[in-house]
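>
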Amino acid sequence: MPNNQVTSLYSPHVERVKALLGSRGKKVRQAEKLFVADGIQSVREALTAGTNSYEQAPELVNLYLTEKGAAKLATEIDSDLLKDAPIVNVSDAVMDAMAQTETPQGILALCKYTEMTLYKIAQRQARKIAYFWEIQDPGNSGTVIRTAEACGFDAVIFSNNSVDAYSPKTIRATVGAIWHIPVVENIPFEELAKFAKEHQFKTIGLAGEATDSLLNLSESEKTILIFGNEARGLPAELTLDQRVRIPMKGASESLNVASAAAIAMFEVGIR
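Each number in our numbering comes from the position in the sequence shown (counting from 1) with 1 added on.
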């Protein structure tokens, strides 16, 4: 057993993590600007946040490890990264009490984030932004953050009434991308439209009923791609510079929002 291993299920560490993951977790996360991440990929990005991530990326507060988790981590991550890490050794029982997954890897990170704003995004001289209107599924939200980062976008923005970007399922689905691209939450479309006008962004909405094709988009130095809700799409009353559709050869009428976002962000960000 490692020295000073936490074994009590009533430890303040357990209570703190469980509060962030419980039924009131969203409220606690927003109030304390903390979230929980699990898995080697997330921990690797958290450990290197000061060297290869964007300024104001989330910071590692505590790294909780079981004996098996520590052994696994040692084979996957450079020992120099772990040398000064804020490691807290815990028993398997304590990890089971803290983790949400059925089979915990024995690796859990407590992280602190800085709230991002449109003002901060403008300061970063963003050129490509993805905006998601009332996205509800945490798996989708994490996937689109990961895809936006991979396609070279500068920020992801979620509207009000969207899923919590720092929920455990969303963080898990980003596979570490949350450390490499800023995420702004709770931005109503009206506020986004004002921001776009002030900073000369072209607003382009993805809509199945649109007549213009995504493949025929004209070049624009500053673009905001706008995606709708999983079930309802984009409201017709939203005023945009252009609406485009993804051309499809098959019989399917629509795509999952994460799939549509991947295609559109690739077209705008990479091609």
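Quick reminder that beta carbons are idealized off the backbone N, C-alpha and C, glycines included. These numbers were taken from a predicted model, which means no experiment stands behind them.
1) Mind checking who residue 108 pairs with in its DSSP beta bridge?
2) Quick one: what does DSSP say residue 61 is sitting in, helix, strand or coil?
3) Tell me, please, whether the CB atom of residue 35 is closer than 8 Å to any CB atom in chain C?
4) Put residue 216 into one of helix, strand or coil per three-state DSSP.
5) Under a three-way DSSP split, which group does residue 252 fall into?
6) Can you tell me whether residue 236 is buried or exposed? The criterion is at least 16 other CB atoms within 10 Å of its CB, across all chains shown.
7) Does the Cβ of residue 11 have 16 or more other Cβ atoms within 10 Å, making it buried, or fewer, making it exposed?
8) Spatial neighbours of residue 113 within its chain, please: CB distance less than 7 Å, with the 5 preceding and 5 following residues excluded, ordered by chain position.
9) Using the three-state DSSP reduction, which class does residue 49 fall into: helix, strand or coil?
10) Taking the beta carbon of residue 271 as the centre, do at least 16 other beta carbons fall within 10 Å, making it buried, or is it exposed?
11) State the Cα-Cα distance for the pair residue 203 and residue 221, rounded to the nearest angstrom.
12) Anyone know if the C-beta pair for residue 118 and residue 15 falls short of 8 Å?
13) Confirm, please, whether the CB-CB distance from residue 258 to residue 136 is below 8 Å.
Short version:
1) 66
2) strand
3) This model lacks chain C altogether, as it is built from one protein chain only.
4) helix
5) coil
6) exposed
7) exposed
8) 34, 35, 59, 60 and 62
9) coil
10) exposed
11) 7 Å
12) no
13) yes
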